[in-house]
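Participant: Got a structure for you, written out below as structure tokens; questions coming shortly.
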Amino acid sequence: MSDERLVLTEVSEYIATITLNRPKALNALSPELMDELIAAVNACDSDDSVRVLILTGGPRAFAAGADIKAMIESSPMKLHVSQIIAKWNRIRDCRKPIIAAVSGYALGGGCELAMMCDIILASDTAKFGQPEINIGVIPGAGGTQRLTRAIGPYRAMELILTGDLISAQEAAAYGLVSHVYPAESLPSEARRLAAKIASRPPLAVQMAKDAVRYAAETTLREGLEIEKRNFYMLFDTQDQKEGMRAFVEKRTPTFTGE
Ligand code: DAK
């Protein structure tokens, strides 16, 4: 692991911890950082020794947004050619669950990146917001849609129109953040949660993630179809047989991910 990398990855005991590592720019999400992040997520998604990902930043910032300096001179065609949206969507499309562990600023694209994850844990230093309005634009990586679904249209509208930031506690009260911890315990708490999920049958975890994601992205009818499909598919796995047999035999199941 070299300190010059913009994204650091460590894998142990089925958990990959991906750390954004551009502290001097408060982890501003430059195109280069995003490329490294996507490569790291892709690698974890296809690595059988990874079942759960933790995405985190540093003590001052999870990420203070997309890199404003790299965006100033952009144009609609440059944005189109860069395939920026397709790249960001790769995070959303990871089959394995991603826990965002947020300390410090999660602003603009940083807040959107956290919302592309599946569970958000925060330290008491975290601040969330979509301040794009202050620099003449609006959220462009899902903020207007995901924040609205996460915290409701009226709160989301206020945050997006004012650019105001909210504390970790407010974010938890709004339902964006699942738990708030003292900054020093956030890494261990994120790992504890990741380890619990990693102990569950991995294919069922992935199918559950997929189905829950649809709840926010489609109609009830379509979502119920996806749930049915995923439920049926799991009866093709060894872990379903093992889980149900272990219950009947009153023993602890051993899940293999098959
Ligand atoms: N971009 C570039 N550099 C940034 C940055 C950012 N977003 N945020 C901070 N930095 C840099 C600062 O320029 C400074 O660098 P130097 O001047 O030292 O070289 C360094 O980080 C430390 O920042 P400050 O000196 O400003 O530190 P403070 O503690 O005083 O203030 C702050 C912290 C977080 C309140 C402040 O830095 C700030 O307001 N940052 C900007 C926050 C922001 O507006 N974020 C939203 C950016 S727009 C899309 C994908 C993504 C996006 C859009 C579309 N598609 C897929 C289509 C996302 C857009 C955005 O995120």
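Counting from 3, one number per residue, gives the positions in the sequence shown under the working numbering.
In this text, a Cβ means the ideal position worked out from N, Cα and C, and glycines have one as well.
Please report how far the alpha carbon of Asp166 lies from the alpha carbon of Glu114, in whole angstroms.
Facilitator: Roughly 15 Å separates the two Cα atoms.
Participant: In this structure, how does DSSP classify Ser77 when only helix, strand and coil are distinguished?
Facilitator: coil
Participant: Hey, is the region 129 to 138 in contact with the region 163 to 180, meaning 3+ C-beta pairs nearer than 8 Å?
Facilitator: yes
Participant: Could you give the residue range of the beta strand (DSSP E) that holds Ile20?
Facilitator: Ile20 -> beta strand (DSSP E) spans Ile17 to Leu22.
Participant: What first and last residue would you give for the beta strand (DSSP E) that runs through Thr58?
Facilitator: Val54 to Thr58
Participant: Could you tell me the boundaries of the alpha helix (DSSP H) in which Leu115 lies?
Facilitator: From DSSP, the alpha helix (DSSP H) with Leu115 extends over Gly111 to Met118.
Participant: For Lys98 and Pro78, what's the separation of their Cα atoms in angstroms?
Facilitator: 32 Å
Participant: Give me the residue from Ser48, Pro203 and Leu22 with the minimum Cα distance to Gln242.
Facilitator: Residue Pro203 is the option with its Cα nearest to Gln242.
Participant: Less than 8 Å between the C-beta atoms of Leu8 and Ala66, yes or no?
Facilitator: no
Participant: Which partner residues does Ser14 have in the DSSP bridge list?
Facilitator: DSSP output for Ser14 lists Ile17 as bridge partner(s).
Participant: Looking at the ligand DAK, does it come within less than 7 Å of Asp95, judged from the CB to the closest heavy atom?
Facilitator: no
Participant: Tell me, to the nearest whole angstrom, how far the beta carbon of Leu188 is from that of Ser105; I am working on the premise that it is less than 8 Å.
Facilitator: 6 Å
Participant: Quick one, are the C-beta atoms of Ile137 and Ile70 less than 8 Å apart?
Facilitator: yes
Participant: Would you check if the distance between the CB atom of Val179 and the CB atom of Leu123 is smaller than 8 Å?
Facilitator: yes
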